[in-house]
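J.: Chains V and Z, in that order, give the protein sequences. Under the numbering used here, the first residue of the first sequence is numbered 13, with each subsequent residue one higher. Under the numbering used here, the first residue of the second sequence is numbered 82, with each subsequent residue one higher. C-beta atoms are modelled at their ideal positions from N, C-alpha and C, and glycine is treated no differently. After the structure tokens below, expect a handful of questions from me.
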Amino acid sequence: MTEVKVKKESTDPVDIENRIKELCQQFPHGITDQVIQNDMPHVEAKQRASAINRLLSVGQLDLLRSTNGLLYRLKDGQSASKIKGSDNQEKLVYQIIEDAGNKGIWSRDIRYKSNLPLTEINKILKNLESKKLIKAVKSVAASKKKVYMLYNLQPDRSVTGGAWYSDQDFESEFVEVLNQQCFKFLQSKAEAARDSKQSPMVQRNSSFATSHEVWKYICELGISKVDLSMEDIETILNTLIFDGKVEMTIIAAKEGTVGCVDGQMKLYRGVNPIIQPTGLVKTPCGLCPVFNDCHEGGEISPSNCVYMAEWLDF
Amino acid sequence: MTAQEERLCGLLLQEHFGEVVEKVGTHLLCNGNLNLRALVHETKLPLDLVKKSVCVLVQQGMCTFCTGRRGPGAPVEYQICGEKVLHMLRYPRYIYTAKSLYGDTGELIVEEILQRGQMTMSNTVSTVADRLTHNMPEGQCMDYSEVVTAFSRLVETHFLQRSAPMTPAGSSTSGGADSNPPSVTEPIQPETNPDCYKLPYINISGKGKRTRSDDGDAEQSTAKKAKTDNSESGDEGIYWQVNFERFHLHFRDQAIISAVASKLDQTSSEIVRTMLRMSEVTTPANAAFTQALSANEIFRSLPSTYNIARPILDQYLTLLVDDPVCLHIYSQIHATSFLMTVCVHLCSLVGLCHYLAMLCVRFGSRSARIFRLLLRKRHLEQKQVEDFAMVPAKEAKDMLYKLLSENLVQLQEIPKTPDHAPSRTFYLYTVNQLPTARLLLQHCYKTVGNLIERRLYETKENKQTSEKSMIITKIGISCSTTGRSPLSYTKVCVWSTCPKTLQVFVCSLHLVKLMSVNNCIDNCNRVLFSHGSSNARACRLK
């Protein structure tokens with residue numbers, strides 16, 4: 013009895029289509045032919061094929077190629093409706109761009125993947141852009157390189173460069189200001205610790221600030237228009253380390269403490285430079301641009317050196 | 082010896098001893114070991130002048146001689162030590178150090194010995210006492226015994242040492258000349274002498290004499306002195322010289338102390354000073370670490386004026402051990418007390434900072450940042466440099482190329498494929514410390530040379546005016562003393578016009594400036610030199 017019923021149902025092409033769609037919904041990553049066969053063992057191959065073909069032609073199903081044969085995947089209704097009325101080539105390009113995600117894809121890579129001529133692709137891209145389905149984003153890695161991605165996506169950090177870039181330009185002044193502010197914060201903290209006249213150990217320990225504290229200070233200052241994360245502040249603090257103005261130590265902290273990442277906390281503190289400017293740069297020779305060409309008796313020589321004369325009269 | 086060092090040596094010799102010695106000295110520097118005959122022939126100077134200048138060099142300890150390479154009968158060959166010539170650059174500093182440590186007496190002792198190369202103790206004592214007496218107000222005079230005390234303290238702290246016997250071994254020993262001629266290519270080190278720092282018994286007493294302007298009196302006094310020297314002092318043949326190494330160690334210690342002071346605070350630097358002072362004489366000169374010291378010992382040796390309690394001292398010591406820059410102070414728990422050793426390679430760190438500071442001023446702080454970044458991470462690609470240092474790509478490229486063209490950073494190519502195609506090659510920037518330090522040392526030498534040349538030029542240019550002004554002041558003095566009418570004096574004053582006096586003043590100002598900067602550079606110079614040599618030693622050890 014049940015067998016007959018199944019047979020009856022399965023013979024109906026609309027039912028088969030619905031069943032396939034349900035299966036696709038169950039497995040959003042896509043299903044193979046084998047899955048459909050297992051689910052509807054009594055449906056003939058011919059019927060199955062015609063149902064799939066119909067779904068494909070309507071644009072409700074995607075055909076993908078994977079390592080183990082063909083994969084069917086349900087197309088989301090939105091995109092299906094979006095690219096309604098566009099031809100196959102446009103659909104193909106759209107799909108390639110969609111696959112690239114928020115990293116975007118370069119037009120040349122689209123050409124390689126789609127095997128379409130470049131002029132055609134440019135036309136399609138323009139078309140899609142005007143429809144506000146995709147957008148072009150300039151990458152910071154190469155200023156001439158435009159990458160395409162879906163219109164509603166937020167570009168990846170690797171494309172925009174994160175907080176330090178505005179319109180593909182590195183904001184070095186912003187970085188410098190943050191660098192100075194962080195240093196100022198740490199320095200004032202160190203000075204306060206020095207003035208506290210406590211035992212040396214306490215003095216040292218109170219001069220440390222966690223990266224979270226620095227982050228909070230910078231946020232409260234309100235010098236940044238964009239939201240900075242703690243990692244951003246840590247990269248700034250790292251530049252201070254490379255400037256030799258700041259030291260870092262890592263301590264173990266209990267999980268859940270503020271500013272604690274992976275059970276460890278980074279502590280920074282401002283330090284004094286070891287030496288004053290060296291003697292060499294107190295002379296004009298230390299900074300001379302023609303130092304290597306300077307010889308006694310030559311065109312440039314210490315006796316007729318203008319820099320030296322100026323410096324002596326200074 | 083590089084070209085820059087040779088040039089500087091020449092300039093220094095010329096400044097201190099004049100043209101002839103300079104010619105002989107530079108010739109020896111350029112050509113290595115030479116015998117007297119070759120020296121006369123090649124410099125084309127008269128024999129007696131060459132002899133005299135070699136004498137001067139030998140007396141100053143800059144020149145050594147050894148029996149010829151061709152066997153026992155060969156003529157004696159002379160050899161100059163460039164490093165010792167370069168020490169002349171530092172004479173003011175040695176004298177100043179002696180003054181700050183042992184007062185005026187110490188200053189004069191070191192000054193006299195530096196000037197003459199080597200002296201006997203009795204001779205030094207009497208000369209210094211005389212000079213001190215001369216500067217004292219009428220009626221007072223310096224006692225010899227005081228000078229002897231200062232001298233003995235200088236010897237105790239190894240700032241002075243006996244000079245090595247000047248006879249090349251083998252040539253003078255009676256009877257054994259042909260039996261076993263030892264190889265004497267190496268100059269004898271004073272330290273090999275067990276009595277190096279042993280004071281002889283000298284029989285000298287009395288007071289410093291005032292030299293009179295009256296000729297007869299002076300003659301009398303010198304005669305008396307000569308008599309005294311001959312009859313009483315018992316140290317003939319024992320000559321003393323300045324121990325440059327010891328002074329350099331002192332400078333190194335000072336550098337370490339000042340680094341600690343500016344990095345941490347005054348108290349920690351005082352503790353480090355105490356530690357260094359405790360191990361001053363016991364640690365060999367080129368050791369990487371000082372002797373181990375226990376915290377108890379340190380506590381006992383701390384001057385009582387500091388008022389540091391024992392627990393506080395412990396805290397300071399822990400801080401010093403923990404500090405990433407002073408990493409080189411090691412501690413180990415030994416039985417009950419801390420054993421501390423100060424790594425003297427901290428000095429190399431100071432050297433590093435010297436060139437970082439130089440970079441900072443010369444190329445801007447961002448280049449210094451890149452340099453330090455490369456020092457820390459060793460090998461980096463350009464992209465990584467941009468990301469770490471947070472410098473825009475264009476500027477980073479510019480800075481890296483500039484540093485590269487100045488030879489301060491090196492570029493290493495690592496090809497992925499054998500064809501070295503640029504697109505398939507990693508370009509890694511690195512910093513190689515030793516060549517960089519050497520490069521900067523050469524820069525320093527050249528700069529000092531330039532400054533000296535400029536000074537010579539300034540003196541030459543203004544020779545006439547400065548001489549004139551000297552004559553005028555002399556006339557003025559003689560006018561006032563002899564009581565002649567001031568009319569001629571005013572005439573003379575009118576003759577020397579105002580702009581000229583100004584010129585003299587400006588010139589002297591320039592000279593002072595050049596000299597003082599010279600000292601600054603020398604500081605950097607020495608640190609870099611010791612940095613370089615310690616690095617080289619480390620490399621050899623590896």
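Tell me which same chain residues have a C-beta within less than 6 Å of the C-beta of His-168 of chain Z, skipping the five on either side of it?
T.: Phe-325
J.: Taking Val-149 of chain V and Pro-167 of chain V to be in contact with their CB atoms under 8 Å, please state how far apart those CB atoms are, rounded to whole angstroms.
T.: Val-149 of chain V to Pro-167 of chain V, Cβ: 5 Å. Contact.
J.: Between which two residues does the beta strand (DSSP E) carrying Ala-63 of chain V extend?
T.: Careful: Ala-63 of chain V lies outside any beta strand (DSSP E), inside the alpha helix (DSSP H) at 57 to 70.
J.: List the residues that DSSP assigns as beta-bridge partners of Ile-495 of chain Z.
T.: Beta-bridge pairing links Ile-495 of chain Z to Z:Phe-507.
J.: Going along the chain, which residues of its own chain have a beta-carbon closer than 8 Å to the beta-carbon of Thr-506 of chain Z, five neighbours each way excluded?
T.: Glu-494, Ile-495, Pro-496 and Lys-497
J.: Return the residues of the region 391 to 404 of chain Z that lie within a Cβ-Cβ distance of less than 9 Å from chain V, sorted by chain order.
T.: Taken in chain order, the members of the region 391 to 404 of chain Z whose beta-carbon sits within less than 9 Å of a beta-carbon on chain V are Pro-392, Ile-393, Gln-396, Tyr-397, Thr-399, Leu-400, Asp-403 and Asp-404.
J.: Go ahead and pull the three-state DSSP assignment for Arg-450 of chain Z.
T.: helix
J.: How about the region 100 to 117 of chain Z and the region 152 to 161 of chain Z: do they share at least three Cβ pairs that are nearer than 8 Å?
T.: Touching, per the Cβ criterion.
J.: Shortest alpha-carbon distance to Val-187 of chain V belongs to which of Z:Pro-473, Z:Lys-549, Z:Val-490 and Z:Thr-554?
T.: Z:Pro-473
J.: Is Val-226 of chain V helix, strand or coil when you go by DSSP?
T.: It is helical.
J.: Whole angstroms is fine: what's the gap from Glu-467 of chain Z's alpha carbon to Leu-279 of chain V's?
T.: 24 Å
J.: What's the C-alpha gap between Met-260 of chain V and Gln-276 of chain V?
T.: 13 Å
J.: Just the C-alpha distance for Glu-243 of chain V and Ile-230 of chain V, rounded to the nearest angstrom, thanks.
T.: 13 Å
J.: Comparing C-alpha positions only, which one of Z:Thr-205, Z:Ala-340 and Z:Glu-534 sits nearest to Ile-283 of chain Z?
T.: Z:Thr-205
J.: Should Leu-515 of chain Z go down as buried or exposed, given a rule of 16 or more other Cβ atoms within 10 Å for buried?
T.: exposed
J.: Given 8 Å as the limit, is there contact between the region 84 to 101 of chain Z and the region 316 to 323 of chain V, that is, 3 or more CB pairs closer than that?
T.: no
J.: Going by CA-CA distance only, name the one from V:Leu-190, V:Leu-324 and V:Pro-314 that's closest to Gly-530 of chain Z.
T.: Its Cα nearest to that of Gly-530 of chain Z, the residue V:Pro-314 stands out among V:Leu-190, V:Leu-324 and V:Pro-314.
J.: Judging by CA-CA distance, which residue of Z:Leu-182, Z:Gln-322, Z:Cys-147 and Z:Arg-150 is the nearest neighbour of Met-202 of chain Z?
T.: Z:Gln-322
J.: In chain order, what residues of the same chain have a beta carbon less than 7 Å from the beta carbon of Leu-189 of chain Z, not counting five sequence neighbours either side?
T.: Val-209, Arg-212 and Leu-213
J.: Can you give me the Cβ contacts of Leu-454 of chain Z inside the same chain, cut-off strictly under 6 Å, excluding the 5 residues immediately before and after it?
T.: So the qualifying residues of the chain are Phe-469 and Ala-470.
J.: Quick one: what does DSSP say Arg-150 of chain Z is sitting in, helix, strand or coil?
T.: Coil.
J.: Out of curiosity, what's the CA-to-CA distance linking Met-359 of chain Z and Asp-334 of chain Z?
T.: 12 Å
J.: Put Ala-336 of chain Z into one of helix, strand or coil per three-state DSSP.
T.: In the structure shown, the three-state DSSP call for Ala-336 of chain Z is helix.
J.: Tyr-526 of chain Z touches chain V at which residues, Cβ-Cβ below 8 Å?
T.: Per Cβ cutoff of 8 Å: no residues; Tyr-526 of chain Z is ~11 Å from chain V at best.
J.: In this structure, does DSSP put Gln-242 of chain Z in helix, strand or coil?
T.: strand
J.: Of all the CB atoms in chain V, is at least one closer than 8 Å to the CB of Arg-459 of chain Z?
T.: no
J.: Taking the straight line between their C-alpha atoms, what separation do you get for Tyr-482 of chain Z and Thr-517 of chain Z?
T.: 16 Å
J.: Taking the beta carbon of Lys-344 of chain Z as the centre, do at least 16 other beta carbons fall within 10 Å, making it buried, or is it exposed?
T.: Buried.
J.: So which residues on chain Z does Arg-216 of chain V lean against when the C-beta distance must stay under 7 Å?
T.: Residues of chain Z passing the Cβ test: Leu-400.
J.: Taking 8 Å as the threshold (beta carbon to beta carbon), is Tyr-538 of chain Z in contact with chain V?
T.: yes
J.: If you draw a straight line from the alpha carbon of Leu-394 of chain Z to that of Asp-346 of chain Z, how long is it in whole angstroms?
T.: 13 Å
J.: Residue ranges of each alpha helix (DSSP H) run of no fewer than 4 residues wholly in the region 93 to 117 of chain Z, ordered along the chain?
T.: 100 to 112
J.: Flag this pair as yes or no: are the beta carbons of Cys-243 of chain Z and Tyr-320 of chain Z separated by less than 8 Å?
T.: According to the sequence as given, residue 243 of chain Z is Arg; it is not Cys. Taking 8 Å as the Cβ cut-off, Arg-243 of chain Z and Tyr-320 of chain Z qualify as a contacting pair.
J.: Let me confirm a value: Leu-94 of chain Z is counted as buried when at least 16 other C-beta atoms fall within 10 Å, else exposed. Which label applies?
T.: buried
J.: From the DSSP output, which residues share a beta bridge with Gln-160 of chain Z?
T.: Z:Thr-145
J.: What separation, rounded to the nearest whole angstrom, lies between the Cα atoms of Ala-119 of chain Z and Gly-113 of chain Z?
T.: 12 Å
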